[in-house]
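First up is the structure itself, then whatever we jot down about it.
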Amino acid sequence: MADAEVVVIGLGAAGGVVASELVAEGMDVVGIEAGPMPGTHDQDELRNVIDARLSNTVHDTPERYRQYDDTGANAGNTGKFNLYGRCVGGSSVHYCGVMWRLLPEHFNMRSEFGELDGANMADWPVDYEDMAPYYERAEQEIGICGPDGGQPTHPDSWSYPMDPVPESRSGELLAGGADELGYEAFPSPQAIVTEQYDGRPSCTYCGHCCFYGCYVRGAKSNSLVSKLSGVLNADNFDLRDECLAKRVLVDGEGQVTGVRYVDKSDGTEREVTADAVVVSGNSIETPRLLLNSSSEHHPDGLANSSGQVGRNLMFHMDYTQIFAKFDEPTKQNRGTWSNKAVDDFILSNRIDEDVDFVTGSNLQLASINAPMLYGGNWKQLYAGGKTPPNTPTWGDGFMEEMGDFENLVWVWAPVEDVPRERNRVQPDPNNRDEWGIPGVDVTFENHPQDFKAQSYVVERCKEIFEAAGASEVWSAGTGVHHRGSSHLMGTCRMGTDPDSSVVDSYGRTHDVDNLFVVDGSPFVTSAGYNPTETIYALAFRTAEEIVNEWV
65 MADAEVVVIG LGAAGGVVAS ELVAEGMDVV GIEAGPMPGT HDQDELRNVI
115 DARLSNTVHD TPERYRQYDD TGANAGNTGK FNLYGRCVGG SSVHYCGVMW
165 RLLPEHFNMR SEFGELDGAN MADWPVDYED MAPYYERAEQ EIGICGPDGG
215 QPTHPDSWSY PMDPVPESRS GELLAGGADE LGYEAFPSPQ AIVTEQYDGR
265 PSCTYCGHCC FYGCYVRGAK SNSLVSKLSG VLNADNFDLR DECLAKRVLV
315 DGEGQVTGVR YVDKSDGTER EVTADAVVVS GNSIETPRLL LNSSSEHHPD
365 GLANSSGQVG RNLMFHMDYT QIFAKFDEPT KQNRGTWSNK AVDDFILSNR
415 IDEDVDFVTG SNLQLASINA PMLYGGNWKQ LYAGGKTPPN TPTWGDGFME
465 EMGDFENLVW VWAPVEDVPR ERNRVQPDPN NRDEWGIPGV DVTFENHPQD
515 FKAQSYVVER CKEIFEAAGA SEVWSAGTGV HHRGSSHLMG TCRMGTDPDS
565 SVVDSYGRTH DVDNLFVVDG SPFVTSAGYN PTETIYALAF RTAEEIVNEW
615 V
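Each residue of the sequence shown is one higher than the one before, starting from 65 at the first, in this note's numbering.
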């Protein structure tokens, strides 16, 4: 008899939902999480932003990044390029909490826009109508606030369980500039509790959302406080935190039988058996685990007969940022990450002029709660300081610039990058973690259309700032191939054809019918929106499938 009915690997946004849903239905579940249960949160920028204490490190997952011309086993650069949570609750503990339903076109990019040379465009095997009930569940059960009627550019209409966050002075400035040019700024939907909800307190608008855990426990909705907290003490749930999955085990017929993992408390390798396994690592850790789980039946990696595990990695053009300075305090370092957004450039078919790209981006206010990140030379994920060009990095000139910190408005644009088969994650046997597990070798280059979309939305945002009366406008993170992100998508594409995809629309792998993948990995395209509400929705949908159809 197996130790559990289901083992869930990774208890972040997706895994936390799946595990809690299965436990609530009476199934015996073991949850394996590489990180610890997070403790009390604080607002220390050095610990939370610069050191990213809730996230992965180069010791957890050694990374190598290379572009297409970087050949050879040791080519490229090593370091930390991707940012994701390593704790119970995963990235949903320290995320910004901005939540979006994808537009109908986002599920049908190939049908809407056709093929694109050099890209691997495809339609999702689900459409918006399939996903709408699960978006609603995410909004209600996770706890998402937003404008009445939903997203203004969306053809559907719906209500959120809570009113949106209050408008800030920086939001007023962005909205004023947008209105001047004929665009619409509206309140961003967010995983923020704006009134007491499900026994959780409301937000205090301290300005410490992104990178930080919420010090008002529960005011930022996530899979830990909204879902897992309700099952942690259940008799049919066994949480094994600080345990790192090493490989998924299979039997003589190639079916999954359990997981071998490292108990990090003492370095001991242990095994847990199960009738089914759900992998919810993310688009880096999930292919790493599957490809490191090769066997006689799966010589090229588990669930990889298509050769697609690890391919079609997408990041968003996550470095894209636009800044403006005003002659008055904007107090943007107060409040939530994004209390206003502009959607007029989300896709090329929503733009009122001919453009030479197909994707686009949402524009959203980004609360600058981190002066060290803004002014410093932090070269980890977001490429260091964001001060105006030619700002001194030390001395009186630097201090003068930092004196204007509270006069800034910062907009971030998650420009949609298109999938490319050559953009991939592979194991790196020459760069192992402390447990001997191969790290990851990431190959990535943006498609030329990505840069065109990025340039367009950056220029439109600058025009909005100028119309709002900014005294100075500049951008950062443009024109460079991305080499990492906090928005990780693709690498286990969903589809109906087992020769060109890894999982079906429910996350069940084509090759192994008792193995599921639920995280950002099944994304077919990336959309110009934060991905987490779609990840939540997919998790609710897969959990329902496991309970009702698979068992």
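C-beta: ideal position from N, C-alpha, C; glycine also.
Chain B within 8 Å of K389, Cβ atoms only: Given the protein chain composition of this structure (a single chain), no chain B is represented.
Residue nearest to C270 in terms of C-alpha spacing, selected from W474, G459, Y600, N433: The sequence position of residue 270 within the sequence shown is 206, counting from 1. Nearest of W474, G459, Y600, N433 to C270, Cα basis: N433.
Three-state class that DSSP yields for R605 in the structure shown: Position 541 of the sequence shown, counted from the start, is the residue given in the question as residue 605. The three-state secondary structure of R605, taken from DSSP, is helix.
Inter-residue spacing [alpha-carbon to alpha-carbon] between R174 and G263: Indexing the sequence shown from 1 puts residue 174 at position 110. Indexing the sequence shown from 1 puts residue 263 at position 199. R174 and G263: Cα-Cα distance of roughly 44 Å.
Anticipated Cβ contact below 8 Å, V544 with M558, distance rounded: For the purposes of this step, residue 544 is identified with residue 480 of the sequence shown, where counting begins at 1. For the purposes of this step, residue 558 is identified with residue 494 of the sequence shown, where counting begins at 1. At roughly 30 Å, the Cβ-Cβ gap does not stay under 8 Å, so V544 and M558 are not in contact.
Beta-carbon proximity list for S357, same chain, < 6 Å, skipping 5 on both sides: What you label residue 357 is simply residue 293 of the sequence shown in a count that begins at 1. Closer than 6 Å at the Cβ level, and outside the excluded window around S357, lie R311, V312, L366.
Simplified DSSP assignment, three categories, for D121: Position 57 of the sequence shown holds residue 121. The displayed chain sequence assigns Thr, not Asp, to residue 121. The answer is coil: DSSP assigns T121 none of H, G, I, E or B.
Own chain, CB closer than 7 Å to A607, minus 5 neighbours either side, in chain order: In the sequence shown, the residue the question calls residue 607 occupies position 543. Close CB contacts of A607 within its chain, under the 7 Å cut and outside five residues either way in sequence, are with V81, V82, E85, L86 (chain order).
Identity of the residue in H218, A88, I114 nearest Y593 by Cα: For the purposes of this step, residue 593 is taken as residue 529 along the sequence shown, with counting starting at 1. For Y593, the nearest C-alpha among the options comes from H218.
Sequence ranges, alpha helix (DSSP H) only - wholly within the stretch 540 to 568, length at least 4: none
Separation of M65 from P478, as counted between CA atoms: Here residue 478 corresponds to residue number 414 of the sequence shown, with the count starting at 1. Here residue 65 corresponds to residue number 1 of the sequence shown, with the count starting at 1. Cα-Cα distance, rounded: 47 Å.
Buried versus exposed call for E127 [16 or more other C-beta atoms within 10 Å across all chains shown]: The residue you call residue 127 lines up with position 63 of the sequence shown. A buried status is given to E127, since no fewer than 16 other beta-carbon atoms sit within 10 Å of its beta-carbon.
Nearest-angstrom Cα separation, counted from G459 out to F469: Counting from one through the sequence shown, the residue named residue 469 turns up at place 405. Counting from one through the sequence shown, the residue named residue 459 turns up at place 395. Cα to Cα, F469 sits roughly 16 Å from G459.
Best match in D514, Y383, D492 for proximity to K450 [C-alpha to C-alpha]: On the sequence shown, residue 450 is found 386 positions in, with the first residue counted as 1. Of the listed residues, the one whose Cα sits closest to K450 is Y383.
Contacting residues, own chain, Cβ-Cβ under 6 Å from K443 (five flanking each side not counted): Walking along the sequence shown from the start, residue 443 turns up at place 379. Annotation note: pLDDT 44 at K443 (below 50); position unreliable, coordinate value reported separately. Here the set comprises nothing.
Between the CA atoms of R605 and K389 - distance to the nearest angstrom: Taking the first residue of the sequence shown as 1, we reach residue 389 at position 325. Taking the first residue of the sequence shown as 1, we reach residue 605 at position 541. K389 and R605: Cα-Cα distance of roughly 44 Å.
Alpha-carbon to alpha-carbon, L602 and K404: Counting from one through the sequence shown, the residue named residue 404 turns up at place 340. Counting from one through the sequence shown, the residue named residue 602 turns up at place 538. For K404 and L602, the distance between alpha carbons rounds to 26 Å.
Best match in D181, E179, D187 for proximity to H170 [C-alpha to C-alpha]: Here residue 170 refers to the residue found at position 106 of the sequence shown. For H170, the nearest C-alpha among the options comes from D187.
C525 vs T400 beta-carbon contact at 8 Å: For this step, residue 525 is matched to residue 461 along the sequence shown. For this step, residue 400 is matched to residue 336 along the sequence shown. Going by C-beta atoms, C525 is not nearer than 8 Å to T400.
The stretch 202 to 221 contacting the stretch 175 to 184, beta-carbon criterion three pairs below 8 Å: no
P483 and A183 closer than 8 Å at C-beta: The residue given as residue 483 occupies position 419 in the sequence shown. The residue given as residue 183 occupies position 119 in the sequence shown. Yes, Cβ-Cβ distance for P483 and A183 is below 8 Å.
Anticipated Cβ contact below 8 Å, L288 with V157, distance rounded: Walking along the sequence shown from the start, residue 288 turns up at place 224. Walking along the sequence shown from the start, residue 157 turns up at place 93. About 6 Å separates the two Cβ atoms, so the contact holds.
E509 vs N494 beta-carbon contact at 8 Å: Along the sequence shown, one-based indexing puts residue 509 at 445. Along the sequence shown, one-based indexing puts residue 494 at 430. Not in contact: E509 and N494 (Cβ atoms no closer than 8 Å).
C307 versus A540, S359, C151, residue with shortest Cα-Cα distance: The sequence position of residue 307 within the sequence shown is 243, counting from 1. Closest by alpha carbon: C151.
Length-filtered (3 minimum) beta strand (DSSP E) runs lying within the stretch 320 to 407: 320 to 327, 332 to 343, 385 to 389
Beta-carbon separation (whole angstroms), L552 vs N346, contact threshold 8 Å: Position 488 of the sequence shown, counted from the first residue, corresponds to residue 552. Position 282 of the sequence shown, counted from the first residue, corresponds to residue 346. The Cβ separation is near 5 Å, so the contact holds.
Supposed close pair G140, Y129 - CB separation, criterion 8 Å: As a working mapping, residue 140 is identified with position 76 in the sequence shown. As a working mapping, residue 129 is identified with position 65 in the sequence shown. That pair is a contact at about 5 Å.
First through last residue of the beta strand (DSSP E) which encompasses F580: Here residue 580 is taken as the residue at index 516 of the sequence shown, counted from 1. First-last of the beta strand (DSSP E) with F580: 579 to 581.
A434 in three-state terms, based on DSSP: For this step, residue 434 is matched to residue 370 along the sequence shown. It is coil, neither helix nor strand.
N-terminal and C-terminal residue of the alpha helix (DSSP H) that F177 is part of: Counting from one through the sequence shown, the residue named residue 177 turns up at place 113. In the DSSP assignment, F177 falls within the unbroken alpha helix (DSSP H) covering 173 to 177.
Terminal residues of the alpha helix (DSSP H) in which P513 lies: Your numbering for residue 513 matches position 449 in the sequence shown. The residue you asked about is not Pro; residue 513 is Gln in the sequence shown. It spans 512 to 531 - the alpha helix (DSSP H) in which Q513 sits, taken as one unbroken run.
Environment of R334 [buried if 16+ CB atoms lie within 10 Å]: Looking up residue 334 in the sequence shown gives position 270. So R334 ends up on the exposed side.
Exposure of M381, with buried meaning 16 or more beta-carbon neighbours within 10 Å: Residue numbering aside, residue 381 sits at position 317 when the sequence shown is read from its first letter. Buried, since its Cβ has 16 or more Cβ neighbours within 10 Å.
Candidates V314, I348, R281, D575: closest to T104 by CA position: As a first step, residue 104 must be located in the sequence shown, where it is residue number 40. Ranking V314, I348, R281, D575 by Cα distance to T104 puts R281 first.
Rounded straight-line distance, which links the Cα of Y132 to that of V314: The residue labelled residue 314 in the question sits at position 250 within the sequence shown. The residue labelled residue 132 in the question sits at position 68 within the sequence shown. Straight-line Cα distance between these residues: approximately 34 Å.
For T598 and D10, the rounded distance between their alpha carbons: For residue 10 there is no data in the structure shown, the boundaries of the chain being 65 and 615.
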